[in-house]
Amino acid sequence: MNDLADKIVLVTGGSGGIGAAIAGQFAALGCRVAIAARDHKKLATAAEKIAENGAQVRAIACDVTRREEVQRLRIAIQELWGDVQILVNNAGIASAVSFADMSDATWDRTLDTNLTGAYNCCKVFLPAMIEANWGRIVNIASTAAKVGYSHVTAYTASKHGLLGLTRSLALETARQGVTVNAICPGYVDDERTRENARIMAEKTGKSDDDILKIFAASAPQNRLIEATEVAALACLMASSQMSGMTGQAINVDGGAVMS
Ligand code: NDP
């Protein structure tokens, strides 16, 4: 994947477990990496950690649900390095609640972040990719993009929507040097999964560890996924060797979902 050196990469949600791992792997390949999220302090901490090995990484605060902020992000990256060549739409939120108890605000926030956020970034960053006749969009979806799960209707709907966006955009850009693909992780061993385990433990009276074991057992490999495994696939999808792959949604889930 040496062809990725110096490429300009944007990872949204780059302060989170998966986003920081993705940003770290692109940076290790010699890319210039911008990470974006709302909380600038967390973002700056993540950037400092990635930059420890001399990598080129910048933290730029941005709420992906706000188109004008995404426009400002584009200008900031352009002034630094140039046009974004590889966009990783990773920013995402999830809340577990029954459909009956879910508020309209939860539905709106989830769809706005997970689906409209990715849409906003595609709208803003795709034109320069088309102009350059080269670009990569990698959408971080979930196995919830392919199958339904109970108590996460908004999340599941948003991730199914993200796959629809991936596939249609892949068709529209297929002759313009741009590929659009998605990654569908299962339970990833990160802070968000541990937080979900804590919440479920409180509700069920089980221990956090028991819940994490249940998460792991939902995959035939009986384990959680490492964020670095998701990151490795994101880098592979972005490489020139993968220019023939577009419109795909690849699971990294220990065999949990086979479609
Ligand atoms: P985290 O909660 O650790 O990170 C989420 C990131 O998204 C943070 O950087 C957060 O920063 C950012 N973010 C949230 N809302 C916005 C917004 N409106 N604008 C910009 N950034 C935002 O989650 P993970 O790293 O675990 O998840 C990353 C992606 O992977 C998500 O899309 C998630 O759905 C997906 N995924 C995760 C799985 C898991 O098991 N963890 C499994 C399958 C998929 P801030 O709050 O500061 O904005």
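First residue of the sequence shown: 0, per numbering that gives the first Met the number 0; consecutive thereafter.
Glycine residues also receive a C-beta, built at the ideal position from the N, C-alpha and C atoms.
Just so we're clear, the structure is a prediction, and the values are computed from it rather than from any experiment.
I need the straight-line Cα distance from residue 228 to residue 185, nearest angstrom please.
Here residue 228 refers to the residue found at position 229 of the sequence shown. Here residue 185 refers to the residue found at position 186 of the sequence shown. Roughly 11 Å separates the two Cα atoms.
Near residue 166, which residues of its chain fall below 7 Å by C-beta distance, leaving aside the five closest residues on each side in sequence?
Locating residue 166 in the sequence shown gives position 167, counting from the first residue. Excluding positions up to five away in sequence, the list reads 246.
How about residue 113: is its Cβ closer than 7 Å to a heavy atom in the ligand NDP?
Here the question's residue 113 lines up with position 114 in the sequence shown. Yes.
Looking at residue 148 and the ligand NDP, is the gap between the Cβ and the nearest heavy atom below 7 Å?
For the purposes of this step, residue 148 is taken as residue 149 along the sequence shown, with counting starting at 1. It does not: the Cβ of residue 148 is nowhere closer than 7 Å to a heavy atom of the ligand NDP.
Should residue 84 go down as buried or exposed, given a rule of 16 or more other Cβ atoms within 10 Å for buried?
To locate residue 84, count along the sequence shown from 1; it is residue 85. Answer is buried; the Cβ neighbour count reaches 16.
Which word fits residue 253, buried or exposed, when buried means at least 16 other C-beta atoms lie within 10 angstroms of its C-beta?
The residue you call residue 253 lines up with position 254 of the sequence shown. Buried, by the Cβ-count rule.
Could you check whether residue 182 and residue 251 sit closer than 8 Å to each other, using their CB atoms as the reference points?
The residue labelled residue 251 in the question sits at position 252 within the sequence shown. The residue labelled residue 182 in the question sits at position 183 within the sequence shown. Yes.
Quick check on DSSP: helix, strand or coil for residue 96?
Counting from 1 along the sequence shown, the entry for residue 96 is found at position 97. Correct three-state label for residue 96: coil.
Tell me, which residues are paired with residue 183 by DSSP?
Taking the first residue of the sequence shown as 1, we reach residue 183 at position 184. Answer is 250.
Quick check: the Cα distance between residue 25 and residue 238, rounded to an integer number of angstroms?
Along the sequence shown, read from residue 1 onward, the residue named residue 25 stands at position 26. Along the sequence shown, read from residue 1 onward, the residue named residue 238 stands at position 239. Roughly 10 Å between the two C-alpha positions.
Taking just the CA atoms, how far does residue 159 sit from residue 143?
Within the sequence shown, the letter at position 144 stands for residue 143. Within the sequence shown, the letter at position 160 stands for residue 159. Roughly 7 Å between the two C-alpha positions.
Would you decide whether residue 74 is buried or exposed? Buried here means 16 or more other CB atoms lie within 10 Å of its CB.
Here residue 74 refers to the residue found at position 75 of the sequence shown. Result: exposed.
Check residue 114 in the structure and name its three-state DSSP category.
To locate residue 114, count along the sequence shown from 1; it is residue 115. Of the three classes helix, strand and coil, the one that applies to residue 114 here is helix, per DSSP.
Got a sec: does the ligand NDP put a non-hydrogen atom nearer than 7 Å to the Cβ of residue 212?
Here residue 212 corresponds to residue number 213 of the sequence shown, with the count starting at 1. Checking every heavy atom of the ligand NDP against the Cβ of residue 212, none is found closer than 7 Å.
Just to confirm before moving on: does the CB-CB distance between residue 249 and residue 223 stay below 8 Å?
Within the sequence shown, numbered from 1, the residue matching residue 249 stands at position 250. Within the sequence shown, numbered from 1, the residue matching residue 223 stands at position 224. No, they are not a contact pair.
When you compare only the Cα positions, how much space is there between residue 97 and residue 176?
For the purposes of this step, residue 97 is identified with residue 98 of the sequence shown, where counting begins at 1. For the purposes of this step, residue 176 is identified with residue 177 of the sequence shown, where counting begins at 1. Near 42 Å, if we compare the C-alpha coordinates of residue 176 and residue 97.
Can you list, in chain order, the residues of its chain whose CB lies under 8 Å from that of residue 5, leaving out five sequence neighbours each side?
Numbered from its first residue, the sequence shown carries residue 5 at position 6. The answer, listed in chain order, is 29, 30, 31.
Tell me, to the nearest whole angstrom, how far the beta carbon of residue 95 is from that of residue 150; I am working on the premise that it is less than 8 Å.
Indexing the sequence shown from 1 puts residue 95 at position 96. Indexing the sequence shown from 1 puts residue 150 at position 151. Indeed they touch by this definition, with Cβ atoms about 5 Å apart.
Using three-state DSSP, classify residue 223 as helix, strand or coil.
As a working mapping, residue 223 is identified with position 224 in the sequence shown. It is coil, neither helix nor strand.
Identify the continuous beta strand (DSSP E) that holds residue 53 and give its terminal residues.
Stepping through the sequence shown from its first residue, residue 53 is reached at position 54. Neither: residue 53 is in no beta strand (DSSP E) and is coded neither H nor E.
Determine, for residue 195, whether the minimum Cβ-Cβ distance to residues of chain D falls below 8 Å.
Protein chains in the displayed structure number just one, and chain D is not present.
Residue 42 to residue 35, Cα distance in whole Å?
Here residue 42 refers to the residue found at position 43 when the sequence shown is read from its first residue. Here residue 35 refers to the residue found at position 36 when the sequence shown is read from its first residue. C-alpha separation (whole angstroms): 7 Å.
Under a Cβ-count criterion, where at least 16 other Cβ atoms within 10 Å of its own Cβ denotes burial, should residue 153 be classed as buried or exposed?
Counting from one through the sequence shown, the residue named residue 153 turns up at place 154. The residue in question, residue 153, is buried, as its Cβ has 16 or more Cβ neighbours within 10 Å.
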